[in-house]
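If you use the numbering used here, the sequence shown corresponds to residues 3 to 502, in order. Here a beta-carbon is modelled for each residue, glycine too, at the ideal position from N, C-alpha and C.
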Amino acid sequence: MAQIPVSADESELAKSTEADGVQTASGTGGAFGLKGFGWAIFEWARNPYYNVIVIYVFATYFSQVIMGGGAEGQAAVARVVEIAGYIMAISAPILGIIVDKGGSKKGFVFAALLILGLCAMGLGWVKPGVDNVVVYGMTLMVIGYCSYTVCELLHNAMLPAAGAPKALPMISGLGLFMGNIAGVLMLIGLLLANEFMPMFKDIPGGVGSISGPVVAIWLAVFIAPFFLFLPDHKGAMGSWSKAVAHTFTPPSLRLWGGPPVLNILWSLPMNVFVFIVKKFKESPQVMKFLLARMIYADGIAVLLVLGGVYVAGVLQWSQSEVLVYGITGSLIGAVGGLVGGKLDGWFGPKRALIIELTAICIILTIQISVTQETILFGLIPAGHEVWTGLGTGFFTSLADIFYFLMIVPAAIAIVACISSSRYMLVHISPPEKIGEFFGFYAMAGSVTVWMGPLLVRVMTEHFNDQRMGFSFVGLLFLIGLLVLLTVKADKTPEHMKTAT
Numbered sequence: 003m004a005q006i007p008v009s010a011d012e013s014e015l016a017k018s019t020e021a022d023g024v025q026t027a028s029g030t031g032g033a034f035g036l037k038g039f040g041w042a043i044f045e046w047a048r049n050p051y052y053n054v055i056v057i058y059v060f061a062t063y064f065s066q067v068i069m070g071g072g073a074e075g076q077a078a079v080a081r082v083v084e085i086a087g088y089i090m091a092i093s094a095p096i097l098g099i100i101v102d103k104g105g106s107k108k109g110f111v112f113a114a115l116l117i118l119g120l121c122a123m124g125l126g127w128v129k130p131g132v133d134n135v136v137v138y139g140m141t142l143m144v145i146g147y148c149s150y151t152v153c154e155l156l157h158n159a160m161l162p163a164a165g166a167p168k169a170l171p172m173i174s175g176l177g178l179f180m181g182n183i184a185g186v187l188m189l190i191g192l193l194l195a196n197e198f199m200p201m202f203k204d205i206p207g208g209v210g211s212i213s214g215p216v217v218a219i220w221l222a223v224f225i226a227p228f229f230l231f232l233p234d235h236k237g238a239m240g241s242w243s244k245a246v247a248h249t250f251t252p253p254s255l256r257l258w259g260g261p262p263v264l265n266i267l268w269s270l271p272m273n274v275f276v277f278i279v280k281k282f283k284e285s286p287q288v289m290k291f292l293l294a295r296m297i298y299a300d301g302i303a304v305l306l307v308l309g310g311v312y313v314a315g316v317l318q319w320s321q322s323e324v325l326v327y328g329i330t331g332s333l334i335g336a337v338g339g340l341v342g343g344k345l346d347g348w349f350g351p352k353r354a355l356i357i358e359l360t361a362i363c364i365i366l367t368i369q370i371s372v373t374q375e376t377i378l379f380g381l382i383p384a385g386h387e388v389w390t391g392l393g394t395g396f397f398t399s400l401a402d403i404f405y406f407l408m409i410v411p412a413a414i415a416i417v418a419c420i421s422s423s424r425y426m427l428v429h430i431s432p433p434e435k436i437g438e439f440f441g442f443y444a445m446a447g448s449v450t451v452w453m454g455p456l457l458v459r460v461m462t463e464h465f466n467d468q469r470m471g472f473s474f475v476g477l478l479f480l481i482g483l484l485v486l487l488t489v490k491a492d493k494t495p496e497h498m499k500t501a502t
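Spelled out as structure tokens, the structure:
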């Protein structure tokens, strides 16, 4: 995301950057070359943290075992994401601008991954009876979540170096696929350990207590190809010191004669504001789409982050049942990417997103209607046992089975929405700016990540009811859908216009 040249100082800086031989152009190669593979395998190494820690295993363990479950447990996990969201809302726009201009990124990626791995390892000591365990656990979860988001921002900023511009959507999809499969394998391994290793039978929360260290080891083992195969990608200025100085005190926004601290306090928010306003003027449809996506993506994040916590509290599912639920959702989610691609081809990405967001709203309403005793808001009694779960004791009531089956359309709709969102960006973005907007795409997803968890936490605490708190997520999808309806998307993609 290049900043506007606004003075002779910046013009000279650009010339010196070119003279230094800084490589800022797009990469070369196809989706399945070594560079593309190096970019995609990052997701394979990192994504299990999200599946295992944030969604299905550790978050459920923390909510049920450490916090005692119920509305209090759901509110605690929501608060973790909310606090991390506040931090990233302040830092992500600034970091995004600096990253786009700065120098080599691999060193900062390594630092962020190191913090992420240490936080995951530290979660192994979050156990009942440990002094200040709630504060300790929530602190590690907040730092880990922020590190995960920073890794994502840096990783997305390196996408232009992973291949030729026309291969970037496929490389992006390959990363999503590999991350999804890695998460499934990790969940299957933890499920087998939870069911067949006697040592976990007598531990509260089962494998939840060791899930953090397992994720840390996985990350350490599989991250090497990213550093070996993917070339580093420098920003427009090629230097972190120049990028930081320019972001905090750009020449056009300095207060003449003002002290340095005042200059920073004034110019930093103004720099971000000017940057965003310029983008809205240059590409209003792209920016309106990013605004819509920022809102409904926050809703998707809440469904993912609190999905396991919700079923463990409302339906009283065991750790193993939550794992089976997560594995099924992840596997079905792979189909969602194909569905999204088909809908994009049939209707175009905008109409596909309208269909997918509408489906998510309907599915969420049906899910909220389920309790341990009834489905469809009390219309159908469903608390009775209808089978033994093939001897496992899993999902034995009609309510359990009904909610479990809802993961099929839910996972398809959510992943299809993610897939269509990425293609929508490619569809409406000028091809020469696709790398820039992919960086903005990642940054925009971090700015309001606090909004959904805050909404759920406040409503959960207000009503002291998990279902009521969770139901307000639907507002994010409705608002995002309304903003999306204002976006104009031509039938012909922007890159095809250029080609013709």
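Residue i classed as buried or exposed, judged by whether at least 16 other C-beta atoms fall within 10 angstroms
i	result
Trp258	Interpretation of Trp258 is limited by its pLDDT of 48, a score under 50 that renders its predicted location unreliable; no figure is taken from the coordinates.
Glu323	buried
Leu193	buried
Thr390	exposed
Lys490	exposed
Val388	exposed
Ala351	Note that residue 351 corresponds to Pro in the displayed sequence, not to Ala. Answer is buried; the Cβ neighbour count reaches 16.
Ile173	buried
Val1	Because the chain in this structure spans residues 3 to 502, residue 1 falls outside the shown range and cannot be described.
Proximity below 8 Å, CB of residue i to CB of residue j
i	j	result
Leu366	Gly476	yes
Asp300	Gly471	no
Tyr58	Gly395	no
Ile145	Cys121	yes
Val209	Gln66	no
Pro227	Pro433	no
Phe224	Ile334	no
Val311	Ser431	no
Ala94	Leu155	yes
Gln76	Thr373	no
His157	Val111	yes
Ile302	Ile416	yes
Val132	Phe64	no
Ile370	Arg295	no
Tyr147	Val56	yes
Leu306	Tyr405	no
Glu45	Gly177	yes
Asp492	Tyr425	no
Thr450	Lys290	no
Where residue i sits in the DSSP three-state scheme
i	result
Ile403	helix
Ile190	helix
Pro130	coil
Val263	Unreliable placement is indicated for Val263, whose pLDDT of 49 sits below 50; no coordinate value is reported for it.
Phe141	Here the sequence assigns Thr to residue 141, which means Phe is not the residue at that position. Three-state DSSP puts Thr141 in a helix.
Ile382	strand
Ile225	coil
Thr367	helix
Ile377	strand
Asp11	Residue confidence is low: Asp11 scores 38 on pLDDT, short of 50, so the model does not pin down where it sits. No coordinate-derived value is stated.
Residues near residue i by beta carbon distance below 8 Å, same chain, minus five either side
i	result
Glu84	Trp452, Pro455, Leu456 and Arg459
Lys283	none
Ile368	Leu378 and Met408
Ser149	Ala114, Leu115, Ile117, Leu118 and Cys121
Range covered by the alpha helix (DSSP H) that runs through residue i
i	result
Gln287	Pro286 to Val316
Phe465	Met453 to Phe465
Phe44	Leu36 to Pro50
Trp348	Gln321 to Phe349
Val410	Ile409 to Ile430
Thr62	Phe60 to Tyr63
Met470	Gln468 to Ser473
Ala114	Lys108 to Gly124
Cβ-based neighbour list, residue i, same chain, cut-off 6 Å, excluding 5 preceding and 5 following
i	result
Ser421	Gly339 and Gly342
Leu189	Leu325, Gly328 and Ile329
Leu412	It should be noted that the sequence gives Ala, not Leu, for residue 412. Excluding residues within five positions, the ones whose Cβ falls inside 6 Å are Ile365.
Pro50	Ala184, Gly185, Met188, Val217 and Trp220
Pro215	Met123 and Gly126
Ser213	Val54, Val59 and Phe60
Within-8 Å CB hit, residue i to chain D
i	result
Ala218	Of the chains in the structure shown, none is chain D; there is only one protein chain.
7 Å CB neighbourhood of residue i in its chain, flanking five on each side removed
i	result
Ser332	Asn53, Asn182, Gly185, Val186 and Leu189
Phe439	Val288, Leu427 and Ser431
Ala222	Gly119
Met160	Trp41, Lys107, Leu232 and His235
Glu197	Ser322
heavy atom of the ligand FMN below 7 Å from residue i C-beta
i	result
Phe379	The ligand FMN is not part of the structure shown, which contains no ligands of any sort.
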